[in-house]
Amino acid sequence: MATVDASFQFLQWQALYSNQKPYEVFLPAESFRDKIPRSNLVFEPRSVRVHDVRNRRDEYTLDTHGFQFIRHTTRVKDFEDPAVVHDAYIPEMEQLLRQHLSQGAHGEAVRTVCFDLRLRESIDADEFSKRTINLEDGFDRLLPATHPHIDQSTRGALLRVKRHMGEEAEELLKGRVRVINVWRPLMDVESWPLALCDARTLDPDDLVTCDIVRRRYVGETYFGKYNPAQKWHYLSGMTPEDVIFIKVYDSDQTVPAQRKTSFPICEDVS
388 MATVDASFQF LQWQALYSNQ KPYEVFLPAE SFRDKIPRSN LVFEPRSVRV HDVRNRRDEY
448 TLDTHGFQFI RHTTRVKDFE DPAVVHDAYI PEMEQLLRQH LSQGAHGEAV RTVCFDLRLR
508 ESIDADEFSK RTINLEDGFD RLLPATHPHI DQSTRGALLR VKRHMGEEAE ELLKGRVRVI
568 NVWRPLMDVE SWPLALCDAR TLDPDDLVTC DIVRRRYVGE TYFGKYNPAQ KWHYLSGMTP
628 EDVIFIKVYD SDQTVPAQRK TSFPICEDVS
């Protein structure tokens, strides 16, 4: 299996976190200037060996490793048009998920609901820093992520269910609930391929909860600390037909890749 060496920005534990929860605020600066810092997160670069799974892609599954590679050709061509994405692409991806997820405990069909989307692009960091980003708009593109993270902590995932499912949430949470990211490149990948951590190699102590403060919502995510036992993988030569399912949360504690004991971390290989 071919490998590459990459530098990831892992969270560096600070004594401060024993008394002050890690946080990051995504609000206009004037909202809190001279009151609190925008963030108390501190990161450290670490070199990580990342294994190319191109010839073994079918060996990886959501419930064992926390990620899975799917070949799929989308009918959607214009990802700049929000109406097209919402009316055509999101239903297409929900259908794709239903095709690959197992049925419920009593044979009922899996239900899928999309609650967020995000476009990213690799551009000059200095140019990006001059832009004003609206995080409420998933079409306002961000740079590739550089910090190993999981979008939702266990608590964050439950908050999402309650936020987006309303009165249905309590009943839905009695069954199996999963939060899964569907990641697709919009062009052939020549730089910043996505790297993923095998959930079985991730110690719960590697994860630190962090409050994410937005204008209309306070969520919770995980940032990853460095641990040499972690095993990282990526798929080389990705095209728009290469889709990755990434498990963020799973209420089923009988599978290897599930909450509290194993989570995938996703990150971009530089």
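No gaps in the numbering here: position 241 of the sequence shown is 628 in the numbering used here, and each next residue is one more.
Quick reminder that beta carbons are idealized off the backbone N, C-alpha and C, glycines included.
Residue i: first and last residue of the uninterrupted alpha helix (DSSP H) it sits in
i           : result
residue 449 : 449-452
residue 477 : 477-487
Start-to-end residues for the beta strand (DSSP E) that takes in residue i
i           : result
residue 543 : Premise fails: residue 543 lies in the alpha helix (DSSP H), 541-552, not in any beta strand (DSSP E).
residue 530 : It is not in any beta strand (DSSP E) - residue 530 carries neither H nor E in the DSSP assignment.
residue 634 : 629-637
residue 662 : In the structure as shown, the chain begins at 388 and stops at 657. Residue 662 is therefore absent and cannot be evaluated.
residue 497 : It is not in any beta strand (DSSP E) - residue 497 carries neither H nor E in the DSSP assignment.
residue 405 : Where residue 405 is concerned, there is no enclosing beta strand (DSSP E), given that its DSSP letter is neither H nor E.
residue 620 : 619-621
residue 390 : 390-398
6 Å CB neighbourhood of residue i in its chain, flanking five on each side removed
i           : result
residue 440 : 620 and 622
residue 487 : none
residue 566 : 539, 544, 635 and 636
residue 505 : 525
residue 435 : 393, 395 and 619
residue 575 : 626
residue 613 : 397 and 433
Same chain, Cβ closer than 7 Å to residue i, neighbours up to 5 away in sequence not counted
i           : result
residue 568 : 538, 633 and 635
residue 399 : 429, 430 and 431
residue 459 : 483, 628 and 630
residue 648 : A caution first: residue 648 carries a pLDDT of 39, below 50, which makes its placement in the model unreliable, though a value can still be read off. Cβ neighbours of residue 648 beyond the five flanking positions: 591.
residue 502 : 547 and 551
residue 564 : 548 and 638
residue 588 : 616, 617 and 618
Exposed unless 16 or more other CB atoms sit within 10 angstroms - verdict on residue i
i           : result
residue 592 : exposed
residue 557 : exposed
residue 396 : buried
residue 480 : buried
residue 562 : exposed
residue 625 : buried
residue 392 : exposed
residue 508 : exposed
residue 473 : exposed
residue 610 : buried
residue 581 : buried
residue 500 : exposed
residue 594 : buried
residue 650 : With a pLDDT of only 49 at residue 650, under 50, the local geometry of the prediction cannot be trusted, and the value read off the model is given with reservation. Counting Cβ neighbours within 10 Å, residue 650 comes out buried, since at least 16 surround it.
residue 446 : exposed
residue 607 : buried
residue 403 : exposed
residue 572 : buried
residue 409 : buried
Neighbourhood of residue i by C-beta, 8 Å cutoff - its chain only, sequence neighbours within 5 removed
i           : result
residue 646 : Unreliable positioning characterises residue 646 in this predicted model, as indicated by a pLDDT of 46, which lies under 50. The coordinate reading is nonetheless provided below. Hits under 8 Å: 541, 544, 636, 637, 638 and 640.
residue 444 : 456 and 622
residue 605 : 598 and 599
residue 463 : 471, 472, 475, 476 and 479
Proximity test, residue i beta-carbon vs the ligand FMN heavy atom, cut-off 7 Å
i           : result
residue 440 : Ligands displayed in this structure: none; no statement on the ligand FMN is therefore possible.
Within-8 Å CB hit, residue i to chain D
i           : result
residue 458 : You won't find chain D in this structure, because it holds only one protein chain.
For residue j and residue i, believed in contact at Cβ under 8 Å, the rounded distance
i           : j           : result
residue 438 : residue 390 : 5 Å
residue 584 : residue 618 : 7 Å
residue 530 : residue 548 : Actually they do not touch by this definition, with Cβ atoms about 29 Å apart.
residue 586 : residue 643 : 7 Å
residue 528 : residue 413 : With a Cβ gap of about 15 Å, residue 528 and residue 413 do not count as contacting.
Of all the alpha helix (DSSP H) runs that stay within the bounds of the segment 555-615, which reach a length of 4 or more residues? Counting only runs of 4 or more, we get 556-559.
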